[in-house]
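One structure is given here, and the rest of the page talks about it.
Numbering (my numbering), first residue to last: 30 to 128.
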């Protein structure tokens, strides 16, 4: 428990001492990534998701706002970019077919 407390204290101190970059754009980032969410739901369903299901899952996804640099770093850390939520149906179809 002490290790967690020390890490939390360091994170709080870093956050307090960090000045926000007001010039950096913010992105809305789904958590988990949409590709992960859709893959899980399709496997759970046992059949391809319909366009309406994909759109509903996108619209109901939990999201957070991140500066662009942090969103890029998160994608790099997990090893892939997420699907574009503005073009979700087409990108989901391309992902499913491996294109």
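Every residue, glycine too, gets a C-beta built ideally from N, C-alpha and C.
Check                                                                                                                                                    : Outcome
Got a sec: is the Cβ-Cβ distance from residue 96 to anything in chain C below 7 Å?                                                                       : You won't find chain C in this structure, because it holds only one protein chain.
Can you tell me whether residue 87 is buried or exposed? The criterion is at least 16 other CB atoms within 10 Å of its CB, across all chains shown.     : buried
If you compare alpha carbons, which of 98, 106, 97, 68 is closest to residue 117?                                                                        : 68
Could you tell me if residue 36 is buried or exposed, where buried requires 16 or more neighbouring beta carbons within 10 angstroms of its beta carbon? : Its pLDDT being 49, under 50, residue 36 is placed unreliably in this model, and the coordinates cannot settle the point.
Between which two residues does the alpha helix (DSSP H) harbouring residue 9 extend?                                                                    : Only positions 30 to 128 of the chain appear in this structure, which leaves residue 9 out of reach.
In chain order, what residues of the same chain lie with their CB nearer than 8 Å to the CB of residue 55, ignoring the 5 residues before and after it?  : 94, 95, 96, 97
Following the continuous alpha helix (DSSP H) through residue 67, name the residue where it begins and the one where it ends.                            : 63-74
Need the endpoints of the beta strand (DSSP E) that residue 95 sits in, please.                                                                          : 92-96
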